[in-house]
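In the working numbering, the protein residues as written are 313 to 631.
Have a look at the structure below before the remarks.
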């Protein structure tokens, strides 16, 4: 698994190769996915199960919610949930290592049937279709994520179903994001829509956004822009999978840059699905990913402990 050439664009793969029933196509998909995640940590996926009709309906309901006055949106903000469900207002999340909050507001939807101490979902009464479409997409992406995790397990030499019990009713989050219009004269110094960060979770599934702006940091320090084609989603490795694989599969730093000055007064909408395991998953580095050339990089902890640590760092939870 040696480091290969630097990529100028994100590799594109077709998930139907994995589910085709053809062993050769399945094996090639596994290898290509693993290679991309080892190199740049990002891949574009076709035939992911999300219809264009559902994507457009979801975006429409999300835009309807965010276009409401702040006092209406704040009815769905509950600080005691540490940003895990409902509305999270402007200036609430700051990327790890940054002092200025990101220029965004967002809404979180979690497991439709929460277990144990999991919080229940909160849905806005003013936009009834918001509930219908967010839950449909949540279910779609959870299934797609499980399929991708099966491929990842095979690549890592694990049982194909290694992740199944770990993500069953996991802490996954569908995040509806609004990067609101900006006034160049009043944007705080150093503030961007989403400062450079790595995702917390196992993998992130991202449908096409309403505008460009997403950039990925390559190994050599160069930022490259990512735009998913209409029929693709972007999938990337999160910090939990990076920890589990001892940085074999790489959680790559990415950001959402501010638009050019002439487009600053426009909104950008984006809807990522953060695939999380259950809080009790052990993230100790896999023994197969640790050797003399790749010493163990991370301390042992559970997914729940890691999530808690990061929520405090992001400013969403009090220490």
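We put the CB at the ideal spot given by N, CA and C, even for glycine.
DSSP, reduced to helix, strand and coil, places residue 614 within a strand of the structure shown.
In the three-state reduction of the DSSP assignment, residue 552 falls in the helix class.
Note on residue 343: under 16 other CB atoms within 10 angstroms of its CB, so exposed under the neighbour-count rule.
Residue 502 is positioned such that its CB atom lies no closer than 9 Å to that of residue 568. Residue 558 sits close to residue 608, with the two beta carbons spaced by under 9 Å.
By the criterion of a C-beta distance shorter than 6 Å, residue 410 is surrounded in its chain by 507, once the five residues flanking it on both sides are discounted. Remark: three or more beta-carbon pairs, one from each stretch, lie closer than 8 Å, so the stretch 391–408 and the stretch 418–431 are flagged as touching. Remark: C-beta atoms of residue 588 and residue 552 approach each other more closely than 9 Å. In the assembly as shown, residue 547 is a buried residue. Its beta-carbon has 16 or more other beta-carbons within 10 Å. Nearest to residue 322 by C-alpha distance, out of 579, 593 and 545, is 545. Closest in C-alpha terms to residue 353, from the list 517, 592, 443 and 413, comes 517.
Straight-line spacing of the CA atoms in residue 346 and residue 467 works out to 6 Å. Comparing C-alpha distances from residue 543 to each of 320, 351 and 361 shows the shortest one belongs to 361. Between the alpha carbons of residue 380 and residue 317 lies a gap of roughly 47 Å.
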